[in-house]
Each structure stands twice: as structure tokens, then as C-alpha cells.
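Participant: Just dropping this structure here.
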Amino acid sequence: MRLPDEQLRAGHIPADVYRQLPPGTDMRRVVIVQEAPRSYTGPIVLTLVIAVGSVAVLLVIAYVSQIIAASIVSVLSASCGISYTISRTSKRRRSSRALGK
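Position in the sequence shown (from 1) plus 1 gives the number in my numbering.
If you want it as C-alpha cells, here you go:
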């Protein structure tokens, strides 16, 4: 029995608790009530649910905004003859002058 909890479970009364008992107390009738250890399952599950929910909301927002943008482009191209293309250009373009050639 190394820990105080083990001593309490075995029925031993620690010295500091023993000193607080009034004189003449029957030790066989003393009951020590311990607080139950805290469970961290609830807060961990709640944190995971919030994280997964926020990721799902962001994915739905991205998907809906993509559909809205595509429908706007298709309506504009069908009605006005305007087309829109997305082009990816490199941000690291360097001219031949900057390289010293």
C-alpha cells in the first residue's frame, strides 16, 4: 500500500484525519468518504465533435460556394456570351535581367 487511496480502501485512517477526530470516537464506526475521480471522457468527446463539425461546415461552405460560382459563370456565358477562365500562373517568374543574363 503505497498511495493514500490504497490505505483508505483498506480501511486505514491517515494520521492527519485521525488527529481531527474528537476524543472518544469509535474508530470502527468512522467512514471516510472519497470524491470519485474525474472522468475526462465527456470533454474529450465534446472537443472531437466540435472539431469534426467545424471541418464539415467548412467543407460544405466550400462546396456550395464552388457550385454558386460555377452556376454564375454558366449563366453569364449562356446569356451574355461572357466566358471566364481560371489560369494558374507561377508566382516565381523572374525576368532574364534580374538573373543577370
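Here a beta-carbon is modelled for each residue, glycine too, at the ideal position from N, C-alpha and C. Only a predicted model underlies this, so the values are computations on that prediction, with no experimental measurement involved.
Taking Cβ to Cβ, would you say Ile-51 is nearer than 8 Å to Met-28?
Facilitator: Cβ distance not < 8 Å, so Ile-51 and Met-28 don't count as in contact.
Participant: If I measure Cβ to Cβ from Gln-21 and keep anything under 7 Å in the same chain, skipping five residues before and after, which residues do I get?
Facilitator: Within the same chain, Gln-21 has no close Cβ partners at all.
Participant: Tell me the DSSP secondary structure of Tyr-41 in three-state form.
Facilitator: DSSP places Tyr-41 in coil when its eight states are reduced to three.
Participant: My guess is that Ile-33 and Val-53 are in contact by the Cβ rule of under 8 Å, so how many angstroms apart are they, rounded?
Facilitator: Ile-33 to Val-53, Cβ: 42 Å. No contact.
Participant: Do you know how far the Cα of Gln-67 is from the Cα of Leu-60?
Facilitator: If you take the alpha carbons of Leu-60 and Gln-67, they lie about 11 Å apart.
Participant: By the DSSP assignment, the alpha helix (DSSP H) with Gln-21 in it spans what residues?
Facilitator: Note, Gln-21: alpha helix (DSSP H), 16-21.
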